[in-house]
Structure formats: C-alpha cells, structure tokens
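Report on the structure given below.
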Amino acid sequence: MSLKLDFPPVREVRITLDVNDRSFDLSVEPRAILADVLREQCGLTATHIGCEHGVCGACTVMVDGAPQRSCLQSAARFEGKHVETLEAFAEDALMAQLRQAFTAEHALQCGYCTPGMLITARDIALRLPEADEARIREELAGNLCRCTGYNGIVAAIQRVLREHARERAALKTSHAA
Ligand code: FES
Ligand code: FES
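As structure tokens, then:
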C-alpha cells in the first residue's frame, strides 16, 4: 500500500527589501533565508553560504550598520532594515585598502570565506582602530577559514590599522606645525 502525503502548497509572501540602497519587491517563501534571497532573487552572489547554521560566517552582511549572519533568519524579517552586501563596497576606499592588504598578506586561498571576512574586517577597522592582534583574532572568531590558518587575514587587518595609525599621526603633526 502506498502512502500518499498531501502537503498544502507553500504560499509565497510579498516583501520589500532595502539592499545596497536599492529597493527590491520580491515574492518569497516565508521560510526563505536572507542569504538565498540575496543570491537567487537579488542577483547578489558575493554573499556566500557555508554551514547555514550560523557557525562559519561566510554569509555575513551588514544590517543597519552591523555585521550579521544572513543564513539564520527569513528574508521577511529584514523588511525595514538596511542590508548591505559586499557588492555595496565596490567603490569603498576602506574596502579597497583591505582587498589590497588581503592580497599582499596572502590572506586567501580558495576565497570562500573572503566576502564574510572582508565585511568583518571592515567593521573591525572602523570600530576598533587600536585593536591589537589578540583583539583582531577575538573579533574574527565568528568567521571560519579552512585554508589560511588565519595568520594572513590577521596580518592584513593589522597592516590596514597600521596605515591608518600612520595617517592619523601625520595629520596630528601637520596640525601641530
Ligand atoms: Fe551563515 Fe555559515 S552560512 S554562518
Ligand atoms: Fe578558503 Fe578561507 S580562503 S576558506
């Protein structure tokens, strides 16, 4: 005897998301996670999906100015919030500096973790300009990398913080002169 299971069709909901200063009117399944919607419906594929359990940090995006996982909550819960993916920072000077530092310090191999790392690194550079190595490692604890052993990533962020410190010192000297 075959068992026939009849599941009711999933009814999609209409939502409006503010992503990278663009408004997206979308029809999504109520349980669709933000990361999937960003990639599949908004065409923003810089956001990677790894564990889908909030562990690896590959899916990190900015939400209302703070880094947040995009794999843990349904996209519908982000209505009314300002979401920024890595694509939003294509012309951003600090992100350009971080990308250069990641290259110079060999901070990536397969690159799978890199979008999430860059989002987190930018947040560290803005929020903690004086962070030492231990603090950087602590801040990066939510972003996993299977390839690099983290040394290059930490060195890249330190390089950018050093450059900023030099710029601040130069500015101070020029004001004092
Ligand atoms: Fe979101 Fe791993 S995919 S934390
Ligand atoms: Fe491969 Fe980080 S560079 S996971």
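Counting with my numbering, you get residues 1119 to 1295 for the letters of the sequence shown.
We treat Cβ as the ideally placed atom computed from N, Cα and C, and that holds for glycine.
Put simply, the backbone Cα of ALA1295 is about 25 Å away from that of GLU1248. If one requires a minimum length of 3 residues, the beta strand (DSSP E) runs lying completely within the segment 1166-1243 are 1179-1181, 1184-1186, 1200-1202, in chain order. Only residues of its own chain outside the window of five on either side were considered, and among them CYS1160, VAL1201 have a CB closer than 6 Å to the CB of VAL1137, listed in chain order. Taking the CA atoms as reference points, ARG1195 sits about 47 Å from HIS1293.
Segment contact: the segment 1220-1234 against the segment 1162-1181, three or more CB-CB distances shorter than 8 Å; contact assigned. In the DSSP assignment, ARG1132 falls outside any alpha helix (DSSP H) and within the unbroken beta strand (DSSP E) covering 1131-1137.
In terms of Cβ geometry, GLN1186 and VAL1278 do not form a close pair [threshold 7 Å]. Closest option to ARG1140, judged by alpha-carbon separation, among ARG1245, ARG1264, ARG1255, LYS1199: LYS1199.
The Cβ-Cβ distance between LEU1190 and GLY1168 does not fall below 7 Å.
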